[in-house]
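For the sequence shown, the residue numbers in my numbering are 2 to 265. Structure, as structure tokens:
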Amino acid sequence: MSEGADLEADRRLLRRAVTAAGALALEHFRTGAGHWYKGPGQVVTQADLAVDGLLHEVLIGARPEDGWLSEERADDGSRQRRRRVWMVDPIDGTRAFADGEPEFAISVALVVEGTPVLGAVFNPASGEQFEAERDGGARLNGTPLRISDRRELSGARLLSSRTEMKSRDWRKLVPESEFTTMGSLAYKLALVAAGRFDGLISLRICHDWDLAAALLLIGEAGGRISEAGGGSLQLNKPEPRHEGVAAAGTTALHRALVTRLRSA
Numbered sequence: 002m003s004e005g006a007d008l009e010a011d012r013r014l015l016r017r018a019v020t021a022a023g024a025l026a027l028e029h030f031r032t033g034a035g036h037w038y039k040g041p042g043q044v045v046t047q048a049d050l051a052v053d054g055l056l057h058e059v060l061i062g063a064r065p066e067d068g069w070l071s072e073e074r075a076d077d078g079s080r081q082r083r084r085r086v087w088m089v090d091p092i093d094g095t096r097a098f099a100d101g102e103p104e105f106a107i108s109v110a111l112v113v114e115g116t117p118v119l120g121a122v123f124n125p126a127s128g129e130q131f132e133a134e135r136d137g138g139a140r141l142n143g144t145p146l147r148i149s150d151r152r153e154l155s156g157a158r159l160l161s162s163r164t165e166m167k168s169r170d171w172r173k174l175v176p177e178s179e180f181t182t183m184g185s186l187a188y189k190l191a192l193v194a195a196g197r198f199d200g201l202i203s204l205r206i207c208h209d210w211d212l213a214a215a216l217l218l219i220g221e222a223g224g225r226i227s228e229a230g231g232g233s234l235q236l237n238k239p240e241p242r243h244e245g246v247a248a249a250g251t252t253a254l255h256r257a258l259v260t261r262l263r264s265a
């Protein structure tokens with residue numbers, strides 16, 4: 002695993018790449034540029050491709066021996082032969098981005114032997130830059146994160162997507178909690194890590210690129226995150242898919258959320 006000076010160099014590289022990617026994303030944001038569908042319900046914009054290209058050029062250009070996994074680039078499986086892999090979602094929350102809503106984020110993580118060691122979730126529209134380093138804590142614009150200490154579902158402030166609020170009756174499943182809908186899974190999880198919300202639930206299929214950076218953020222902030230059924234999130238497997246996600250600031254609230262999700 003990268004340590005010491007090497008990890009510090011990786012951290013500087015990651016920050017430089019994400020900052021540049023954020024500036025590029027803002028050049029495309031709210032310009033009226035078109036979008037299209039790469040699959041049912043899967044929106045993509047020119048910004049997704051441009052930001053992916055920039056991140057690949059900067060990160061792999063500096064670390065050509067590293068592997069790569071991105072939502073916008075075909076996965077040839079070579080990442081599984083690499084000790085170090087960059088996991089990237091160039092624009093997480095593309096629908097919100099395309100609609101001109103500031104609820105999207107650039108999500109990048111360096112995963113070493115299946116474990117995230119560096120992570121960044123950057124919302125350039127709001128200026129919020131979340132960063133985490135394994136065993137080094139998590140920060141928002143340089144300030145250490147403080148995760149929620151709520152233990153009970155009663156009064157819990159939970160996050161979900163607009164799509165799931167329409168398709169699943171979360172308020173019936175968890176009537177004692179308050180729900181807020183928002184785009185970008187990575188951004189929502191970062192807000193949980195920051196303690197602005199107590200937890201998040203989702204039964205939608207998600208991927209390593211959605212979760213790798215946020216997994217580190219929440220872990221370093223002291224919270225809990227898992228697949229919706231409670232299983233641990235394993236990264237860089239042959240199929241980088243996960244059956245939903247549950248996250249919370251405390252073990253007790255996380256356990257309560259998983260219990261409800263199992264009954265959904």
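Just so it is clear, CB atoms sit at the ideal spot from N, CA and C, and this is done for glycine as well.
Checklist entry - Around the Cβ of M2, are there at least 16 other Cβ atoms within 10 angstroms (buried) or fewer (exposed)? => result Residue mapping note: residue 2 aligns to position 1 of the sequence shown, counting from 1. At M2 the pLDDT is 41, less than 50, meaning the model places this residue with poor confidence; the figure from the coordinates comes in the next sentence. Around the beta carbon of M2, a 10 Å sphere encloses fewer than 16 other beta carbons of the protein chains shown; the residue is thus reported as exposed.
Checklist entry - Run through DSSP, which three-state label would D49 get? => result If you number the sequence shown from 1, residue 49 lands on position 48. Three-state result, D49: helix.
Checklist entry - For V19, which three-state DSSP category applies? => result For the purposes of this step, residue 19 is taken as residue 18 along the sequence shown, with counting starting at 1. For V19, the secondary structure class from DSSP, reduced to helix, strand or coil, is helix.
Checklist entry - Using 8 Å as the threshold, is the region 146-159 in touch with the region 191-199, meaning 3 or more CB pairs across them? => result Yes: the two stretches touch, three or more of their Cβ pairs being nearer than 8 Å.
Checklist entry - Does DSSP put E132 in a helix, in a strand, or in coil? => result Within the sequence shown, numbered from 1, the residue matching residue 132 stands at position 131. Of the three classes helix, strand and coil, the one that applies to E132 here is strand, per DSSP.
Checklist entry - When DSSP labels each residue in this structure, what does D77 get in the three-state scheme? => result For the purposes of this step, residue 77 is identified with residue 76 of the sequence shown, where counting begins at 1. D77: coil per DSSP, three-state reduction.
Checklist entry - What do you get for W37, buried or exposed, if any count of 16 or more other CB atoms within 10 angstroms of its CB means buried? => result To locate residue 37, count along the sequence shown from 1; it is residue 36. For W37, the predicted model reports a pLDDT of 45, less than 50, meaning its position is unreliable and no value from the coordinates is stated.
Checklist entry - Can you round the beta-carbon distance between H208 and H255 to whole angstroms, since I take them to be within the 8 Å contact cut? => result Start at 1 with the first residue of the sequence shown, and residue 208 comes out as number 207. Start at 1 with the first residue of the sequence shown, and residue 255 comes out as number 254. The beta-carbon separation of H208 and H255, rounded to 21 Å, does not stay under the 8 Å limit for a contact.
Checklist entry - Looking at the structure shown, is S168 part of a helix, part of a strand, or coil, going by DSSP? => result Locating residue 168 in the sequence shown gives position 167, where the first residue counts as 1. Collapsing the DSSP output to three states places S168 in a helix.
Checklist entry - For L1 versus A22, is the C-beta spacing smaller than 9 Å? => result Limits of the chain in this structure are 2 at one end and 265 at the other, which puts residue 1 out of reach.
Next on the checklist: In whole angstroms, give me the CA-to-CA distance for E179 and E153.
Outcome noted: Looking up residue 179 in the sequence shown gives position 178. Looking up residue 153 in the sequence shown gives position 152. Straight-line Cα distance between these residues: approximately 12 Å.
Checklist entry - Per DSSP, which one or two residues make a beta bridge with H243? => result By one-based count along the sequence shown, residue 243 stands at place 242. Partner(s): C207.
Item to check | Residues of its chain near A24, where Cβ-Cβ distance is below 8 Å and the 5 sequence neighbours each way are ignored | outcome: Within the sequence shown, the letter at position 23 stands for residue 24. Scanning its chain for C-beta atoms nearer than 8 Å, with the 5 sequence neighbours on each side dropped, one finds around A24 the residues P125, in chain order.
Checklist entry - Given a threshold of 16 other Cβ atoms within 10 Å of its Cβ, counted over all protein chains shown, does K167 qualify as buried or as exposed? => result Along the sequence shown, read from residue 1 onward, the residue named residue 167 stands at position 166. Flag for K167 reads exposed.
Item to check | Cα-Cα separation between G138 and R151, rounded to whole angstroms | outcome: For the purposes of this step, residue 138 is taken as the residue at position 137 of the sequence shown. For the purposes of this step, residue 151 is taken as the residue at position 150 of the sequence shown. The alpha-carbon atoms of G138 and R151 are separated by roughly 20 Å.
Checklist entry - Of the residues A99, E114, P91 and V118, which one's Cα is nearest the Cα of I107? => result Translated into positions along the sequence shown, residue 107 becomes position 106. Taking only the C-alpha atoms, the option nearest I107 is P91.
Checklist entry - F252 and R225 look like a contact to me (Cβ under 8 Å); what is the Cβ gap, rounded to whole Å? => result Translated into positions along the sequence shown, residue 252 becomes position 251. Translated into positions along the sequence shown, residue 225 becomes position 224. Position check: residue 252 holds Thr in this sequence, whereas Phe was assumed. Distance from T252 to R225 at the Cβ level is roughly 6 Å; contact confirmed, criterion being Cβ atoms closer than 8 Å.
Next on the checklist: Does the distance between the C-beta of L56 and the nearest non-hydrogen atom of the ligand NAD fall short of 8 Å?
Outcome noted: Ligands displayed in this structure: none; no statement on the ligand NAD is therefore possible.
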